[in-house]
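Undergrad:
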Amino acid sequence: MIKNIDGIIFDLDGTLWDAVEVIFKSWREVVISHKFNNFISIEELKGYMGKRIEDIFKKLFPDVDDKSLNIMMKECCIKECEMLKRDGARLYPYIEETLKYLYKKYPLFIVSNCQEGYIETFLEYNGFEKYFKDYECSGKTGLDKNNNIKIIMKRNKIENPVYVGDAKVDEEASKKANIKFIYASYGFGNVDSYDIKINSLKDLINIF
6 MIKNIDGIIF DLDGTLWDAV EVIFKSWREV VISHKFNNFI SIEELKGYMG
56 KRIEDIFKKL FPDVDDKSLN IMMKECCIKE CEMLKRDGAR LYPYIEETLK
106 YLYKKYPLFI VSNCQEGYIE TFLEYNGFEK YFKDYECSGK TGLDKNNNIK
156 IIMKRNKIEN PVYVGDAKVD EEASKKANIK FIYASYGFGN VDSYDIKINS
206 LKDLINIF
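So in this note's numbering, spot 137 of the sequence shown is number 142, and the numbers just go up one at a time.
1. Excluding sequence positions up to five away, which residues of its chain have a Cβ less than 8 Å from the Cβ of K110?
2. Out of I163, I7, G52 and F29, point me to the one whose CA is closest to M88's CA.
3. From the DSSP output, in three-state form, read off I10 for me.
4. Please classify G170 as buried or exposed, where buried requires at least 16 neighbouring CB atoms within 10 angstroms.
5. Would S117 pass as a contact of D16 if the rule is Cβ separation under 8 Å?
6. So, for A182: in the same chain, excluding its five sequence neighbours on each side, which residues have a beta-carbon less than 6 Å away from its beta-carbon?
7. Mapping the DSSP letters down to three states, classify V36 as helix, strand or coil.
8. Are the beta-carbon atoms belonging to Y136 and L104 less than 8 Å from one another?
9. Are at least three pairs of beta-carbons, each pair with one atom in the segment 163-179 and one in the segment 22-38, less than 8 Å apart?
10. For D139, collect the residues of the same chain with a Cβ closer than 7 Å to its Cβ; drop the 5 residues on either side in sequence, then sort them by chain order.
11. By DSSP, does L206 sit in helix, in strand, or in coil?
12. Does chain D have any CB closer than 8 Å to the CB of V169?
13. Taking just the CA atoms, how far does E85 sit from W32?
14. Rounded to whole angstroms, what is the Cα-Cα separation between G192 and I201?
15. Contact defined as beta carbons within less than 8 Å: I believe C142 pairs with E176. What is the distance between those atoms, to the nearest angstrom?
16. Specify the secondary structure class of F186 as computed by DSSP and reduced to three states.
17. Closest to G93 by CA distance: which of L128, V35, E134 and K8 is it?
18. Could you check if P166 is buried or exposed, using at least 16 other CB atoms within 10 Å of its CB as the buried criterion?
19. What are the boundary residues of the alpha helix (DSSP H) that C82 is part of?
20. For I37, which residues of its own chain have a beta-carbon under 8 Å away from its beta-carbon, when the five flanking residues on both sides are left out?
21. How big is the Cα-Cα spacing for K180 and K72?
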């Protein structure tokens, strides 16, 4: 069991919701408009979830110059948020029941490797603003996940939070930030080590 914590920080994609279908549709539409007709499959895209969009696109389009790549990325981010604001995405089971329980005991936060506006869209579409005290993302700061975790900790004066995430990048960020890691095994990724594993968001109610 994890004791004496003073906050819970969540990853977003693969931890709180699954937006990969919307991301795939929006990105594919933009990529094809730029005359790239051979976009990856939705299953392949799942393997990239959790990484920064800059890193994903550099991997997918290594021969595209930086200026053209940045234009395409910005268009993808705009289209993605437009579709999510309109249609939302699939929430993981028991999310509101779990958040409603946890936020009464601990301050809750989100740190994600997403673009600016993405977390806001998640919160606004689902009416979850009331559950989270603060959030940060790489699209706003330009920093990797462990440094954004540290920003949240410093800004909110917390010293012993836990991080809940589903991917290797979440495991690594937790270690670098020197905080405990809870592995959401129902998400997209696999990890090598964790302090606690959950098979459902609802498991957090039993832990805390």
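Every residue, glycine too, gets a C-beta built ideally from N, C-alpha and C.
TA: Well, looking at it:
1. Numbered from 1 along the sequence shown, position 105 holds the residue referred to as residue 110. Only F213 meet the Cβ criterion.
2. Position 83 of the sequence shown, counted from the start, is the residue given in the question as residue 88. M88 has its Cα closest to that of F29, out of I163, I7, G52 and F29.
3. Here residue 10 refers to the residue found at position 5 of the sequence shown. Reduced to three states, the DSSP call for I10 is coil.
4. For the purposes of this step, residue 170 is taken as the residue at position 165 of the sequence shown. By the neighbour-count rule (16 or more Cβ atoms within 10 Å), G170 is buried.
5. For the purposes of this step, residue 117 is taken as the residue at position 112 of the sequence shown. For the purposes of this step, residue 16 is taken as the residue at position 11 of the sequence shown. Result yes, Cβ atoms of S117 and D16 sit closer than 8 Å.
6. Your numbering for residue 182 matches position 177 in the sequence shown. N151, I154 and K155, listed in sequence order.
7. Position 31 of the sequence shown, counted from the first residue, corresponds to residue 36. Helix.
8. For the purposes of this step, residue 136 is taken as residue 131 along the sequence shown, with counting starting at 1. For the purposes of this step, residue 104 is taken as residue 99 along the sequence shown, with counting starting at 1. Yes, the Cβ-Cβ distance between Y136 and L104 is below 8 Å.
9. no
10. In the sequence shown, counting from the first residue as 1, residue 139 sits at position 134. Excluding residues within five positions, the ones whose Cβ falls inside 7 Å are F114, I157, R160 and N161.
11. The sequence position of residue 206 within the sequence shown is 201, counting from 1. Three-state result, L206: coil.
12. Considering every chain present, this structure includes no chain D. It has just one protein chain.
13. Residue mapping note: residue 32 aligns to position 27 of the sequence shown, counting from 1. Residue mapping note: residue 85 aligns to position 80 of the sequence shown, counting from 1. Taking the straight line joining both Cα atoms gives about 7 Å.
14. Here the question's residue 192 lines up with position 187 in the sequence shown. Here the question's residue 201 lines up with position 196 in the sequence shown. Answer to the nearest angstrom: the Cα atoms are 15 Å apart.
15. For the purposes of this step, residue 142 is taken as residue 137 along the sequence shown, with counting starting at 1. For the purposes of this step, residue 176 is taken as residue 171 along the sequence shown, with counting starting at 1. That belief does not hold up - the Cβ atoms of C142 and E176 are roughly 19 Å apart, past 8 Å.
16. The count along the sequence shown starts at 1 and reaches residue 186 at position 181. In this structure, F186 counts as strand in the three-state DSSP scheme.
17. By 1-based counting over the sequence shown, the position of residue 93 is 88. Answer by Cα proximity: L128.
18. On the sequence shown, position 161 is the one that residue 166 refers to. Under this definition P166 is a buried residue.
19. For the purposes of this step, residue 82 is identified with residue 77 of the sequence shown, where counting begins at 1. Note, C82: alpha helix (DSSP H), D71 to D92.
20. Here residue 37 refers to the residue found at position 32 when the sequence shown is read from its first residue. Within the same chain, I37 has close Cβ partners F44.
21. Taking the first residue of the sequence shown as position 1, residue 180 is located at position 175. Taking the first residue of the sequence shown as position 1, residue 72 is located at position 67. Each residue's Cα considered, the two are about 34 Å apart.
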